[in-house]
Each structure stands twice: as structure tokens, then as C-alpha cells.
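Residue numbers (full-length UniProt numbering): 1 to 175.
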């Protein structure tokens, strides 16, 4: 048999909350009296716990056990992440995507240029060591560097899937 109480003050005392909290909860419809005017303590405690703000109410269930609690935890996690990102940005550990892409393009371009210039710089030394024509050695090195750069470009920037599966070649237009 449910335990019933006749006064809101007694409900507040037994649940460990203020009389004002019980009055406000009743006014906004979070809890209701029984038809006979009494309070069912178990139902009032359950209704208060279900609608209590986590952390603020002694009746609120653990954060992980209610939808509101999980949302509160998720909100706190997002706030912490936003603060961490702001701190990283302020300390210079983050940069804008466009700036990062531009920097990567600069580095990749410098590496490509260095590779393309390498055969001209070393072909004379290699030719002297193996007793071959410097021009032939340079041409062979340039061809191999071209193959290397083409295969790296294909690995780093694969062609888009255009949905064609019939084996016909598709011409890609530079964008």
C-alpha cells in the first residue's frame, strides 16, 4: 500500500527538499496530489526525480541514468572540448584548414621541384662512377622520377568514382 501524506510540508520533509520546491513543482505540474487531496510519497519522489535537473536536485538520479542527465553530460563534454580547442588555437597549436592546405601545397611543391631537379644535379656524378653518358643517365633518372611522382599523385589524389563500371575510359577535366 502506498504511503500517503496529507501536507506538502510533510512531503518536503520526508523527501529532503524544501517546501517551496514542492509548491513550485505542484504549480507547474511536475507533481500532483491524489484525487482525495493526499500525496503519494513514492509517486511524488518518482515524478520529481524524473524531471529534476541533474546535479542541482538531491532527488535527481545519477547523470547517466536519465535522458536529461545524458544530455547534460554531453553538453558539458562539448563545452570542455570547445574550451580545449580555444586554448589550442590561442597557443598556436591549431590553424585554419585553408592555411594548412596552402602550407601542405607549398611543401609538396617544394618537394616535387627538388625531385625534378635532382637528376640534373647528380647525373654527372653517377655517370662518372659507372662510366656512362651523363645525358643518358639524366634522361633515365628523369623518367623514373616522373613515374614516381605520377604514382604518388594517383595514391594521394585517387580519381573520383564517377559511377561508370562498363570499362570505358573516362576523361577527367581539371577542376
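Glycine included, C-beta positions come from ideal geometry on N, C-alpha and C.
query	result
Do you know offhand how far residue 151's Cα is from residue 142's?	14 Å
If you run the structure through DSSP and keep just helix, strand and coil, what is residue 170?	Bear in mind that the predicted position of residue 170 carries a pLDDT of just 46, short of 50, making it unreliable; the figure below should be weighed with that in mind. The answer is coil: DSSP assigns residue 170 none of H, G, I, E or B.
Considering only residues of the same chain and omitting the five flanking positions on each side of residue 9, which have a CB-CB separation below 6 Å?	19
On the DSSP bridge assignment, give the partners of residue 4 in chain order.	40
Return the CA-CA distance between residue 133 and residue 127, expressed in angstroms with no decimal places.	6 Å
If you follow the alpha helix (DSSP H) that residue 24 is part of, which residue opens it and which one closes it?	19 to 27
Report back the beta-carbon spacing between residue 4 and residue 32 to the nearest angstrom; my notes put them in contact at under 8 Å.	Actually they do not touch by this definition, with Cβ atoms about 13 Å apart.
DSSP three-state label for residue 94, please.	coil
Can you give me the Cβ contacts of residue 13 inside the same chain, cut-off strictly under 6 Å, excluding the 5 residues immediately before and after it?	none
What does the alpha-carbon distance come out to for the pair residue 154 and residue 108?	14 Å
Tell me which same chain residues have a C-beta within less than 6 Å of the C-beta of residue 124, skipping the five on either side of it?	134
Considering Cα atoms alone, identify which of 28, 34, 16 and 21 is closest to residue 6.	34
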